[in-house]
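Worksheet for the structure shown next.
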Amino acid sequence: MAVAKVIDGAALSKATRREVADRAAVLRANGMAPGLAVVLVGDDPASGVYVRSKVKACKDAGVESFSTLLPSSVTEDELLSLISELNGDDRVHGILVQLPLPRHIDSHKVLEAIDPEKDVDGFHVVNAGALMVGRPLFKPCTPYGVMKMLESEGINPYGMDAVVLGRSNIVGKPMAMLLLQAGATVTMCGRETKDISVFTRNADLIVSATGVRKVLTADMVKPGAIVIDVGINRDEESKICGDVDYGPISGVAGHITPVPGGVGPMTIAMLLVNTIEAAERRAKRLATRMAA
Ligand code: GUN
């Protein structure tokens with residue numbers, strides 16, 4: 037039985053973060069310490085874990101992080117005024133507001149308050165629109181990480197039939213846009229799709245971002261297909277697992293990403309890439325201003 041090649045996101049993330057550390061060292065040597073502001077509202081345990089990983093990754097790469105932890109009772113106005121403060125803070129080159137936010141806060145309003153030049157998550161409507169026309173300031177970290185994983189394996193989506201499962205603003209929609217721009221023919225499936233297997237069975241590339249365990253099983257995958265698993269779920273034994281039925285699909289697919297150790301670490305690496313990019317652009321703007 038053929039066994040899929042495993043794309044090691046943990047190793048690629050490490051190499052990517054090392055490159056960020058080198059770029060951060062250059063900036064620091066030129067008098068600029070790159071900085072990321074991380075805002076966490078409430079006490080959702082999963083969000084807490086993600087935020088701590090992001091802060092640690094910053095530290096390891098020589099990027100300063102400024103964390104603000106707010107109670108879930110914080111008002112929308114208080115959060116908006118924090119964002120406005122961070123927009124004006126010269127030590128902060130990137131701003132990340134961990135999602136989801138509590139229900140009483142309009143997350144669209146909050147994301148749109150972030151200066152698009154500091155929007156390292158790429159969630160601001162300006163960046164989402166710019167992505168749609170192929171000119172993003174920042175690509176959203178998870179789909180950007182997936183594209184890097186494909187690239188690292190020499191996989192070019194040009195001409196491929198791709199299926200994206202899940203149509204969130206964070207992953208599914210920007211993922212489809214990046215694949216489209218890379219020349220893939222993209223089908224997006226959501227909860228409402230009558231039968232996703234009609235699409236997945238013919239796909240050369242499947243990206244699953246549904247948060248539904250075993251949403252993809254081996255009988256739904258074409259032999260040799262590339263299967264990218266963005267899901268983070270828990271199995272019957274409470275162990276972390278993805279969206280796809282990993283063992284059996286490994287016997288059918290050509291490439292597969294594991295969970296943990298696949299897309300997750302790449303999301304963090306690409307956040308650092310976007311942050312260093314934001315800081316370098318800022319340094320360039322300052323240098324141009326000085327020269328004028
Ligand atoms: N919640 C789940 N994924 C993400 C992400 O990539 N960025 C932010 N800000 N929140 C998230």
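Quick note: the sequence shown uses the working numbering, first residue 37, plus one each step.
Note that the Cβ used here is the ideal one computed from N, Cα and C, for glycine as well.
Asked, Found
"Can you find the residues in the same chain that come closer than 8 angstroms, C-beta to C-beta, to L132, ignoring five residues on each side of it along the sequence?", "L72, A73, V74, V75, K90, V156, D157, L307"
"Which residues in the same chain as P138 place their Cβ atom closer than 7 angstroms to its Cβ, once the five residues preceding and following it in sequence are excluded?", "V77, G78, S108"
"In chain order, what are the residues with a CB under 6 angstroms from some non-hydrogen atom of the ligand GUN?", "L132, V133, Q134, L135, D157, C177, T178, I206, T303"
"Can you tell me the Cβ-Cβ gap for H140 and E148, rounded? I've got them flagged as a contact below 8 angstroms.", "Not a contact, Cβ separation roughly 17 angstroms."
"Could you compute how far the alpha carbon of I264 sits from the alpha carbon of G219?", "18 angstroms"
"Taking the straight line between their C-alpha atoms, what separation do you get for D255 and L122?", "49 angstroms"
"Could you tell me which of R325, T311, M326, Y194 sits nearest to L63, measuring between CA atoms?", "T311"
"Beta-carbon within less than 8 angstroms of Y194's beta-carbon, same chain only, minus the 5 sequence neighbours each way: which residues are those?", "A218, G219, A220"
"For K175 and G208, I'd like the C-alpha separation in whole angstroms.", "13 angstroms"
"Just tell me which of A305, P172, V222 has its CA closest to the CA of A57.", "A305"
"Per DSSP, what kind of secondary structure is M224 in: helix, strand or coil?", "strand"
"With 16 other CB atoms within 10 Å as the buried threshold, where does K154 fall?", "buried"
"Can G181 and G202 be called in contact, C-beta distance under 8 angstroms?", "no"
"Please return the same chain residues whose Cβ sits closer than 7 angstroms to the Cβ of A315, not counting the five positions on each side in sequence.", "L63, M68, P70, H129"
"Indicate whether I268 and V295 have their beta-carbon atoms separated by less than 8 angstroms.", "yes"
"Terminal residues of the continuous beta strand (DSSP E) containing F102?", "100-106"
"Mind checking E272: buried by the 16 CB within 10 Å criterion, or exposed?", "exposed"
"Can you name the start and end residues of the beta strand (DSSP E) that L122 belongs to?", "Unbroken run through L122 is the alpha helix (DSSP H), 112-123; no beta strand (DSSP E)."
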